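For the protein sequence lines, the chains are A and B, in the order given.
Be aware that the first sequence starts at 296, since it is given in this note's numbering, and climbs by one per residue.
Be aware that the second sequence starts at 296, since it is given in this note's numbering, and climbs by one per residue.
The structure appears right after this line, and notes come after that.
There are 2 protein chains.
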Amino acid sequence: MANKSNKPDAFVTEITPQSQDFSRWYLDVVRRAELADYSPVKGCMVIRPYGYAIWELIQQALDRRIKATGHVNAYFPLFIPEGLLHKEAEHVEGFAPQVAYVTHGGGEELEERLVVRPTSEAIIGTMYAKWVQSWRDLPILINQWANVVRWEKVTRPFLRTTEFLWQEGHTAHETEAEAEEETRKILDLYKETVETEMAVPVVAGIKSESEKFAGALRTYSIEALMGDGRALQAGTSHNLGQNFAKAFDITFQARDKSVQHVWGTSWGMTTRLVGAAIMVHGDDSGLVLPPRVAPYQVVIVPIPRGNWQETVLPKAREIQQQLVAGGVRVNLDDRDAYTPGWKFAEWELRGVPLRLEIGPKDLEKSQVLVARRDTREKLGVPMDGLVGRIGALLDEIQQNLLARAMAFRDEHTQRADTYDAFKQAMEGRPGFVIAPWCGSAACEAQIKTDTQATIRNMPLDQSTPTGRCIRCDNAAQAEAWFAKAY
Amino acid sequence: MANKSNKPDAFVTEITPQSQDFSRWYLDVVRRAELADYSPVKGCMVIRPYGYAIWELIQQALDRRIKATGHVNAYFPLFIPEGLLHKEAEHVEGFAPQVAYVTHGGGEELEERLVVRPTSEAIIGTMYAKWVQSWRDLPILINQWANVVRWEKVTRPFLRTTEFLWQEGHTAHETEAEAEEETRKILDLYKETVETEMAVPVVAGIKSESEKFAGALRTYSIEALMGDGRALQAGTSHNLGQNFAKAFDITFQARDKSVQHVWGTSWGMTTRLVGAAIMVHGDDSGLVLPPRVAPYQVVIVPIPRGNWQETVLPKAREIQQQLVAGGVRVNLDDRDAYTPGWKFAEWELRGVPLRLEIGPKDLEKSQVLVARRDTREKLGVPMDGLVGRIGALLDEIQQNLLARAMAFRDEHTQRADTYDAFKQAMEGRPGFVIAPWCGSAACEAQIKTDTQATIRNMPLDQSTPTGRCIRCDNAAQAEAWFAKAY
Numbered sequence: 296m297a298n299k300s301n302k303p304d305a306f307v308t309e310i311t312p313q314s315q316d317f318s319r320w321y322l323d324v325v326r327r328a329e330l331a332d333y334s335p336v337k338g339c340m341v342i343r344p345y346g347y348a349i350w351e352l353i354q355q356a357l358d359r360r361i362k363a364t365g366h367v368n369a370y371f372p373l374f375i376p377e378g379l380l381h382k383e384a385e386h387v388e389g390f391a392p393q394v395a396y397v398t399h400g401g402g403e404e405l406e407e408r409l410v411v412r413p414t415s416e417a418i419i420g421t422m423y424a425k426w427v428q429s430w431r432d433l434p435i436l437i438n439q440w441a442n443v444v445r446w447e448k449v450t451r452p453f454l455r456t457t458e459f460l461w462q463e464g465h466t467a468h469e470t471e472a473e474a475e476e477e478t479r480k481i482l483d484l485y486k487e488t489v490e491t492e493m494a495v496p497v498v499a500g501i502k503s504e505s506e507k508f509a510g511a512l513r514t515y516s517i518e519a520l521m522g523d524g525r526a527l528q529a530g531t532s533h534n535l536g537q538n539f540a541k542a543f544d545i546t547f548q549a550r551d552k553s554v555q556h557v558w559g560t561s562w563g564m565t566t567r568l569v570g571a572a573i574m575v576h577g578d579d580s581g582l583v584l585p586p587r588v589a590p591y592q593v594v595i596v597p598i599p600r601g602n603w604q605e606t607v608l609p610k611a612r613e614i615q616q617q618l619v620a621g622g623v624r625v626n627l628d629d630r631d632a633y634t635p636g637w638k639f640a641e642w643e644l645r646g647v648p649l650r651l652e653i654g655p656k657d658l659e660k661s662q663v664l665v666a667r668r669d670t671r672e673k674l675g676v677p678m679d680g681l682v683g684r685i686g687a688l689l690d691e692i693q694q695n696l697l698a699r700a701m702a703f704r705d706e707h708t709q710r711a712d713t714y715d716a717f718k719q720a721m722e723g724r725p726g727f728v729i730a731p732w733c734g735s736a737a738c739e740a741q742i743k744t745d746t747q748a749t750i751r752n753m754p755l756d757q758s759t760p761t762g763r764c765i766r767c768d769n770a771a772q773a774e775a776w777f778a779k780a781y
Numbered sequence: 296m297a298n299k300s301n302k303p304d305a306f307v308t309e310i311t312p313q314s315q316d317f318s319r320w321y322l323d324v325v326r327r328a329e330l331a332d333y334s335p336v337k338g339c340m341v342i343r344p345y346g347y348a349i350w351e352l353i354q355q356a357l358d359r360r361i362k363a364t365g366h367v368n369a370y371f372p373l374f375i376p377e378g379l380l381h382k383e384a385e386h387v388e389g390f391a392p393q394v395a396y397v398t399h400g401g402g403e404e405l406e407e408r409l410v411v412r413p414t415s416e417a418i419i420g421t422m423y424a425k426w427v428q429s430w431r432d433l434p435i436l437i438n439q440w441a442n443v444v445r446w447e448k449v450t451r452p453f454l455r456t457t458e459f460l461w462q463e464g465h466t467a468h469e470t471e472a473e474a475e476e477e478t479r480k481i482l483d484l485y486k487e488t489v490e491t492e493m494a495v496p497v498v499a500g501i502k503s504e505s506e507k508f509a510g511a512l513r514t515y516s517i518e519a520l521m522g523d524g525r526a527l528q529a530g531t532s533h534n535l536g537q538n539f540a541k542a543f544d545i546t547f548q549a550r551d552k553s554v555q556h557v558w559g560t561s562w563g564m565t566t567r568l569v570g571a572a573i574m575v576h577g578d579d580s581g582l583v584l585p586p587r588v589a590p591y592q593v594v595i596v597p598i599p600r601g602n603w604q605e606t607v608l609p610k611a612r613e614i615q616q617q618l619v620a621g622g623v624r625v626n627l628d629d630r631d632a633y634t635p636g637w638k639f640a641e642w643e644l645r646g647v648p649l650r651l652e653i654g655p656k657d658l659e660k661s662q663v664l665v666a667r668r669d670t671r672e673k674l675g676v677p678m679d680g681l682v683g684r685i686g687a688l689l690d691e692i693q694q695n696l697l698a699r700a701m702a703f704r705d706e707h708t709q710r711a712d713t714y715d716a717f718k719q720a721m722e723g724r725p726g727f728v729i730a731p732w733c734g735s736a737a738c739e740a741q742i743k744t745d746t747q748a749t750i751r752n753m754p755l756d757q758s759t760p761t762g763r764c765i766r767c768d769n770a771a772q773a774e775a776w777f778a779k780a781y
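Encoded structure:
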């Protein structure tokens, strides 16, 4: 609920400063901006309308791109018979500890337990086995928007919850090369979407063996840096090889008449992206939303002086209509139970990119006062040509947020060539540390034990590294991006 | 999978004629048009891309209207602690036999079983109790797009499945009058959506006591007549009164400072609507899709004669681009493994409203041949002004389908004033039978036992009926629309 107090500061003081406790700051913002709320179900959150509206905008932007690259949406069952999950050995090993089981339905105990999907490779693979007969049926390029459940011990709104929302793409191809091309194409698509729409710069690369998806041949990810210098995995794209095809018997008659297993991929992004938007751009006053994913890009606050209801309010409504006609998402906050100051603080907290103030004096000058959320600049803008100016400002804010986040990431990315330098970097200013690594899981594990840092990924198209592994001093196989991560 | 045979008739003969067995015809169409498939999970279907695309178009049309009337979307947990479901006595009685229980999660047995939501009044009511304090917080107008689970013994794709997709609106209001207004407003919105977008005429009215939602004060519904004369409930809107508010303690401080319970509503439409579209418009050749919910409104089939790839194909692509630019959803079927005749049958089966044929002769005449799916008329249309003409034809088809369905319903709606006449009508040509009813559940139950017909609903704003109950001869309380129903 909105705070009913009329003291604007009541808001701000309720948010813990980032510098004091970033984690508390995050939870404060989620709660006060009404993005999400705790539910009576352990580990599950309620996504409130304002948070859901951000997710819907991300969804639309992503769905548009998924379709433009030839994929189609479909829907597969929530439940997976337990036996199906067991068909791919690594897959079940990875997910079994995390799943929820349905044991009773319709008043009876079930003969076979049902798993609430933690991901849908098993159920979708089963259907593909039925649908694919010939090379002519390939590729299959299907995406699904769905809820999934993974039991979590420690949860945090948006970032890690027992139930979450996501899209999961599942494709089947004739050749290994096509599957790899698809996996990389989606990685690029994810990177472009997150950077363009959410102004969140990401590093795209390949995961280490120990961090790859249970059952995959290779996993690629995009990794973003949060405002506290910790990394967040923002999306993953898996080349499944023929692992699931063999487990689920997805075969086809090839062009040469031989019977082959298909080559598969799967890939997903989740509601966790909302958390990324909060943690990359937010400040001590609350959210700072990139215009493209802001439920309201503009809030109009009329200043109630004199006979404002006859003068200011009609003008505010007129401006609202003009902006809406110009394709801008606008909220006119004409509630009379709240003061302008209270409204300023509320909409800052909620991260609205632009605030338009209109009072009797502005009317006289035929202008509005525009306040930017990102820079906090205030500028007078003539009514004449307002819509065009607002559109340009929104573009500018979107660019500025991306540039700011890029600069922050660059400032918080260091290189280390020795283990001492690496440990020092990890203890000091948090962020990414790029370091040569020999490729062994043992070194990776020891580095994690010593420093809490994990390999986020290894950017693609590296030249062969010349250095030596920071941990064991053997020849490096890759330059890895390490960070402490969510 | 598409049938790989090149004989066009191979398609059609695989579909059982409606007159022979409507139910088989329905299942044949669902399977052959690749709308849905059976899954390895009992009672759960897979919605295949073509079926899902129809659902997405319905969703978009409905979501737009839900938002335009001031509602916002949100997301609540899939799981409901068993105890919460038990708080409203009628509600749990209605749903408990149908629910699925999660008993284990994260490798442990749960302390309290979780219900997989059959509907979300319980979990949403719990949150509203937390969010609502003052009359200023009202109304709450929230909608959710989600999957729900109701254990079903007999299932049928789209019409009745254990898991299905839907939207569920849940609102809370200050006064009884406002809640009733909301309930009716949504009923009207549902009727308008289904008639405008799906060309499916519906009867809007109030349900009898015995057919109302478990826990509601009053339930309203829209009812459509399928091609076999059986009725289908296409949407429901419930006035919950204060039942859930009392069960979940949703109170607020009223304007007069007294503490009151909110007045609630809930309402939903589901993937069952896809089934309605199939059964209202389909014919022995397969689907007939209303243009507004057709994934492809136009299919272009180039006729492969002479050097068609240098002449016909480029023109076909040009037309496709023009139509897409004009906002039309178009598929250019340029696959060379299939003959035109095979393609004609396939796209008829899939219900595409307009087929454009282009061959060398059409190029000479600077025209295309257009075939309407609804009337099967073929007409030559000049390339000049093609986009405008296609748009007009699509509108015409949409109107024609609605008019045809209206006429069918009118022809299959009879009146009966005596029980003999009623029984005769129910045994004869199937459809709606309008009859006076005394309002007693006993008569309603007896009529169902005798004839299998149930009261679908009682249209609103009836004048007081003068007749006598067909069953008991007491004074009628209402004119009820009876039918055998899905």
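Even glycine gets a Cβ: it sits at the ideal position worked out from N, Cα and C.
All values reported here derive from a predicted model rather than from experimental measurement.
- According to DSSP, A/T713 shares a beta bridge with no other residue.
- Relative to B/F459, the option among B/F508, B/L405, B/T566, B/S503 whose CA is nearest is B/T566.
- Short of 8 angstroms from the beta carbon of A/Q313, and not among the five residues preceding or following it, lie these beta carbons of its own chain, in chain order: W320, G522, D523, G577, D578, D579.
- Fewer than three beta-carbon pairs drawn from the stretch 727-746 of chain A and the stretch 687-702 of chain A are found closer than 8 angstroms, and the two stretches are therefore not classed as touching.
- Put simply, the backbone Cα of A/K382 is about 11 angstroms away from that of A/E388.
- Contact of A/Y633 with chain B is not assigned, every C-beta pair being separated by 7 angstroms or more.
- Comparing alpha carbon positions, the residue from B/L681, B/G601, B/G570 closest to B/A620 is B/L681.
- If only uninterrupted beta strand (DSSP E) runs of at least 3 residues are considered, those enclosed by the stretch 635-663 of chain A are 649-653.
- Looking at the DSSP output, B/W440 bridges to B/Q462.
- Burial state of B/P648 is buried, judged by a 10 Å Cβ sphere holding 16 or more other Cβ atoms.
- Assignment of A/M678 by DSSP, reduced to helix, strand and coil, places it in the coil class.
- Under the three-state reduction of DSSP output, B/S561 falls in the strand class.
- According to the DSSP assignment, B/S516 belongs to no alpha helix (DSSP H) but to the beta strand (DSSP E) extending over 513-520.
- Taking 8 angstroms as the upper bound for CB-CB distance, A/D712 and A/G762 are in contact here, some 6 angstroms apart.
- Close CB contacts of B/G530 within its chain, under the 6 angstroms cut and outside five residues either way in sequence, are with Y485, I517, M564 (chain order).
- Under a 10 Å Cβ-count criterion, B/R724 is classified as exposed, with fewer than 16 other Cβ atoms of the shown protein chains found around its own Cβ.
- From the listed residues B/L409, B/N368, B/G365, B/E416, the smallest Cα separation to B/A384 is found for B/E416.
- For B/Q315, no beta strand (DSSP E) run applies, since DSSP gives it neither H nor E.
- Taking 7 angstroms as the CB threshold, A/T398 lines the interface with chain B.
- Remark: C-beta atoms of A/G675 and A/L658 do not approach each other more closely than 7 angstroms.
- Counting only Cβ-Cβ distances below 9 angstroms, A/D745 has no contacts in chain B at all, with the closest Cβ about 29 angstroms away.
- Look at A/K673 here: in three-state DSSP terms it is strand.
- Going by DSSP, B/L527 is part of the beta strand (DSSP E) stretching over 526-536.
- Residues of the same chain with a CB within less than 6 angstroms of the CB of B/T450, apart from the 5 flanking positions on each side, are G338, T456 in chain order.
- Across the structure, A/I435 and B/V341 are spaced so that their CA atoms are roughly 15 angstroms apart.
- For the stretch 411-444 of chain A, the beta-carbon criterion of a distance under 8 angstroms to any beta-carbon of chain B is satisfied by V411, I418, T421, M422, K425, W426, V427, Q428, S429, R431, D432, I437, A441, N442, V444.
- Interface annotation for the stretch 354-374 of chain B against chain A: V367, N368, A369, Y370, F371, P372, L373, F374, criterion Cβ-Cβ distance under 7 angstroms.
- Collapsing the DSSP output to three states places B/P731 in a strand.
- The closest CA to that of A/E504, considering only A/A736, A/C764, A/A773, is found on A/A736.
- The residue among B/A666, B/D705, B/F717, B/D679 with its C-alpha nearest the C-alpha of B/I692 is B/A666.
- One thing to note: B/Q709 has its Cβ within 7 angstroms of the Cβ of B/V728.
- Near chain A, meaning a CB-to-CB distance below 7 angstroms, the residues of the stretch 377-405 of chain B are L379, P392, Q393, A395, Y396, V397, T398, H399, G400, G401, G402.
- With contacts defined by Cβ atoms closer than 7 angstroms, B/L433 and B/H399 do not form a contacting pair.
- In chain order, M422 make up the part of chain A whose C-beta sits under 7 angstroms from the C-beta of B/D332.
- B/R650 is the residue among B/R650, B/A632, B/E643 whose C-alpha sits nearest the C-alpha of B/V625.
- Beyond the five residues adjoining it in sequence on each side, B/Q354 comes within less than 8 angstroms, by CB distance, of W440, Q462 in the same chain, given in chain order.
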